[in-house]
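These notes are about the structure you will find just below.
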Amino acid sequence: MNNHYPFELEPLPYAYDALEPHLSSEIVQIHYENHHQNYVNSLNQALSRYPHYQNWYLEKLVAHYNALPVQIRTAVQNNAGGVYNHNLYWSSMCPCSNYFPIGTLKKAIDRYYGSFAFFQKQFKSNAMDVFGSGWVWLVADTSANLDIVVTANQDSPLSSRLTPIINLDMWEHSYYLQYHSTRSEYIDNWWHLVDWTYAEERYQSARVLK
Ligand code: MN3
Numbered sequence: 161m162n163n164h165y166p167f168e169l170e171p172l173p174y175a176y177d178a179l180e181p182h183l184s185s186e187i188v189q190i191h192y193e194n195h196h197q198n199y200v201n202s203l204n205q206a207l208s209r210y211p212h213y214q215n216w217y218l219e220k221l222v223a224h225y226n227a228l229p230v231q232i233r234t235a236v237q238n239n240a241g242g243v244y245n246h247n248l249y250w251s252s253m254c255p256c257s258n259y260f261p262i263g264t265l266k267k268a269i270d271r272y273y274g275s276f277a278f279f280q281k282q283f284k285s286n287a288m289d290v291f292g293s294g295w296v297w298l299v300a301d302t303s304a305n306l307d308i309v310v311t312a313n314q315d316s317p318l319s320s321r322l323t324p325i326i327n328l329d330m331w332e333h334s335y336y337l338q339y340h341s342t343r344s345e346y347i348d349n350w351w352h353l354v355d356w357t358y359a360e361e362r363y364q365s366a367r368v369l370k
């Protein structure tokens with residue numbers, strides 16, 4: 161699997177219908193095969209005539225798109241972001257019914273938010289407030305402090321030197337076919353899918369970077 165140009169679509173870690181009933185097979189398939197694949201294609205297209213940047217790995221492109229030639233800067237911001245954000249989105253869900261944070265992340269959530277229930281309330285409130293298309297994230301800073309952040313379009317907290325732990329796609333294409341305009345229900349049901357084992361691994365790696 162290349163982590164540089166030409167990028168490939170990361171394999172989906174489960175079957176299209178694995179997240180039913182919380183996320184329909186139809187949504188997962190279209191979101192992955194069309195939307196996610198388009199970001200991969202558009203990123204490759206943007207880099208195709210810029211060999212100097214073809215050895216940059218995905219995270220570097222997302223974090224440092226500002227250092228790129230102005231002709232491809234916006235395309236890389238949108239499409240490297242689109243690839244990275246969706247890679248994390250699929251990886252941070254599973255059909256495993258984890259339900260609750262574990263380990264060091266559980267302790268940190270309790271410390272920063274008082275309880276998992278209050279953290280969920282704060283996260284949902286941020287998600288409901290996303291105006292237009294964007295994402296809501298649980299992130300850790302370089303001192304392993306937690307925060308909930310919202311980004312517009314395909315922007316990523318990586319560009320602000322934050323480590324993404326989990327993210328939730330709030331673009332309409334991620335829920336509209338199943339939930340129509342009922343964002344609230346999409347968010348509530350997404351909690352059934354969060355892979356807290358994966359989230360704990362990511363939080364531990366953020367702590368190592370500390
Ligand atoms: Mn999406």
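Going by my numbering, the sequence shown opens with residue 161, and the numbers climb by one from there.
Built from N, CA and C at the ideal position, the CB exists for glycine as well.
If you're wondering where the values come from, they're calculated on a predicted model, not measured in any experiment.
* Asked: Would DSSP call Lys370 helix, strand or coil?
  -> With a pLDDT of only 46 at Lys370, under 50, the local geometry of the prediction cannot be trusted, and the value read off the model is given with reservation. In this structure, Lys370 counts as coil in the three-state DSSP scheme.
* What do you reckon, is the C-beta of His352 under 7 Å from a heavy atom of the ligand MN3? -> no
* Three-state class that DSSP yields for Gly274 in the structure shown -> coil
* What do you reckon, are the CB atoms on Ala300 and Ile326 nearer than 8 Å? -> no
* Asked: Closest by CA to Gln205, which one among Thr234, Leu183, Leu179, Ser344?
  -> Thr234
* To do: Ignoring anything shorter than 4 residues or poking outside the segment 176-205, list the alpha helix (DSSP H) runs there in chain order.
  => 185-190
* **One or two residues paired with Gly294 in a DSSP bridge** => Ala312
* Asked: For Pro317, which of helix, strand or coil comes out of DSSP?
  -> helix
* Check Pro324 in the structure and name its three-state DSSP category. => strand
* Tell me, please, which residues DSSP counts as bridged to Asp329. => Trp295
* Just mark Ala227 as buried or exposed, buried being the case when its beta carbon has 16 or more other beta carbons within 10 Å. => exposed
* Asked: Heavy atom of the ligand MN3 less than 7 Å from the Cβ of Trp331, yes or no?
  -> yes
* Distance, Ala268 Cα to Lys370 Cα -> Unreliable positioning characterises Lys370 in this predicted model, as indicated by a pLDDT of 46, which lies under 50. A coordinate reading is not provided.
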